[in-house]
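Heads up, the thing below is written out as structure tokens.
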Amino acid sequence: MEPTYGRKEPAVSSIAHREFIHLGMDVSKDSIAVAVLAPDRDAAEVDRILHDADSVRRLVKRIGRPKGIWACYEAGPTGYDLRRLLASMGVRCDVVAPSLIPKGSGDRVKTDRSDARRLAGLHRAGQLTPIAIPTPAQEGVRDLCRTRGDMVQDLTRARNRLSGFLLRHSVVWRGGSPWTERHRRWLATLSFDDPAIATTYSHYLATVKLRDTALESIEADLLPWCEKDPFGDQVQRLAAYRGVTRIGALCLAAEVFDWRRFPKARPFMSFTGLVPGENSTGLTQRRGSITRAGNAHLRGQLCEAAWAYQHSPNVGAGIRERQVGVPPETMGRAGPSVQAVPTIGRPQERALGRGCRHRPRARRVPLGRDGGRGLNTMIFPSLSARSAPRLSEPSTTRRSTAAADPILAGVVPTIALRDDVTGAPIQRQPPANGSTAISTRVHHRGGSPIHCAPARRRWLARPPPPSARGDE
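Residue numbering for the sequence shown follows my numbering, starting at 7 and increasing by one per position.
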């Protein structure tokens, strides 16, 4: 392959798909920019047609031999009707993921014609990733589930507007959780002296009631689809898991619609955007928050369901009803044997420090002997209430750590080290005030030993300065 420096379009020499006539289509609401890339050419010819069925049929008839045409276009607001139309004519068509299209960092020119040429060239080179296409029935149920999500967002906005309006006028609810029956009765008793403010409040309250009614209506329309095709069987199995209601299971099934696409958990988590971001180079590793580069509807449903696993795996009346008739193999995975996720982060901090945040590098771990075998591990102090001070207490200093540790309060342990060059043992005792402490990153899972690096051992093995030996 010859170099492509400075070119707007790469010179594609791949012969993987050269037996097809490739069509790169940049689809908009009114028109379609079509780049026709013949098998014996490296430059595509671009044409523009109207976005309707008759124009697409004339284009295919003009090119000829539908079985030898392979088209592609980006997934977007125009949906899948164009792909279904081409498939009915015998034309092979791929709908590609826009976020996975290779793009040059220096390419600042974007037009419909250049996008169509780029799609045709990359498609023939095999560098585009097609997405799965739902059937019309699956797409209809998915649209109905997403409509419910829109209704939930509208209801949340209406409630926030009403709460903000009341806060601006110093009317605050302090009787418990908001938007309960008790809170609604309190809202119905509010009145204002100013007529304009009273009219504004009545409109905000009416909007909240309207959004509540719309959400109840859409949920009533969704319930029958939980028991019939195309997702009735999937809903029955998904609803057996804790935290997944029937409507939530229907939303999950409608977003995935074919679980065989994901043979392992890794591609499924990448599809949902629940994988950590990373920016590593050389010896430096940087991992950040989740990428969120995936299906937002599916990710939201999974995060809501995951909150149920912070509690003990008790089987209530609702989940017991949903588990009736579930296959035994599904019950083996969704039964009460699934233990609750260990409490880490904020729940654990509230239990120990009552709100004090356990930040990395905020504690120091004193050194001790490892069963008489010398210093080879650093054990984190236990996070139980008996063996560790409260996180809210000022116990991160060296003196307080030594005073609180039962080992340092008694006999000072001897650190057995060996010189890296001669191999002779080096005897050294840490001061009783616990000053020989290594700052570590606290592992949020707790209690996992981290081995001391050789460079750290060599630093500890240095002889004390002359002032400490008394050689002055």
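Backbone N, C-alpha and C define an ideal beta-carbon position, used for all residues, glycine too.
This one's a predicted model, so the numbers in the text were calculated from it and none came from an experiment.
Identify, in the order they occur along the chain, each residue of the same chain with its Cβ nearer than 7 Å to the Cβ of residue i, setting aside the five sequence neighbours on each side.
i           : result
residue 198 : 204 and 207
residue 74  : 26 and 27
If we ignore side chains and look at the alpha-carbon of each, how far apart do residue i and residue j end up?
i           : j           : result
residue 70  : residue 96  : 11 Å
residue 259 : residue 334 : 20 Å
residue 26  : residue 43  : 9 Å
residue 133 : residue 279 : 21 Å
residue 47  : residue 299 : 36 Å
residue 137 : residue 85  : 12 Å
residue 229 : residue 329 : 17 Å
residue 437 : residue 112 : Here residue 437 scores only 48 on pLDDT, less than 50, and its place in the model is too uncertain to base an answer on.
residue 289 : residue 281 : 21 Å
residue 67  : residue 145 : 29 Å
residue 187 : residue 301 : 34 Å
residue 61  : residue 37  : 10 Å
residue 135 : residue 110 : 17 Å
residue 202 : residue 331 : 57 Å
residue 266 : residue 239 : 15 Å
residue 320 : residue 195 : 39 Å
residue 35  : residue 176 : 48 Å
Only counting the same chain, and skipping five residues up and downstream in sequence, which positions put a Cβ closer than 8 Å to that of residue i?
i           : result
residue 147 : 231, 236, 237, 256 and 260
residue 167 : 210 and 213
residue 189 : 179, 181, 182 and 183
residue 45  : 24, 25, 26 and 27
residue 252 : 229, 232, 241, 245 and 328
residue 337 : 246 and 329
residue 169 : 184
residue 192 : 179 and 181
Do residue i and residue j have their CB atoms nearer than 8 Å?
i           : j           : result
residue 107 : residue 92  : no
residue 122 : residue 31  : yes
residue 314 : residue 243 : no
residue 306 : residue 293 : no
residue 119 : residue 39  : yes
residue 82  : residue 115 : no
residue 340 : residue 246 : yes
residue 101 : residue 55  : no
residue 277 : residue 263 : no
residue 152 : residue 57  : no
residue 224 : residue 154 : yes
residue 150 : residue 227 : yes
residue 221 : residue 275 : no
Helix or strand or just coil, what does DSSP make of residue i?
i           : result
residue 262 : helix
residue 294 : strand
residue 28  : strand
residue 100 : strand
residue 3   : In the structure displayed, the chain extends from 7 to 478; residue 3 sits before or after that span and is not available.
residue 105 : helix
residue 54  : strand
residue 281 : coil
residue 137 : coil
residue 42  : strand
residue 195 : coil
residue 37  : strand
residue 287 : strand
residue 155 : helix
residue 312 : helix
Of the residues the options, which one's Cα is nearest the Cα of residue i?
i           : options               : result
residue 24  : 76, 59 and 35         : 76
residue 79  : 55, 72, 58 and 104    : 104
residue 99  : 109, 113, 72 and 111  : 72
residue 309 : 254, 215, 171 and 324 : 254
residue 87  : 252, 64 and 142       : 142
residue 94  : 63, 251 and 35        : 63
residue 159 : 217, 202 and 186      : 217
residue 285 : 297, 274 and 250      : 297
residue 250 : 192, 35, 109 and 325  : 325
residue 219 : 161, 332 and 317      : 161
Less than 6 Å between C-beta atoms, sequence neighbours within five positions excluded: which residues of the same chain meet that for residue i?
i           : result
residue 41  : 30, 50, 52, 122, 123 and 126
residue 171 : 210
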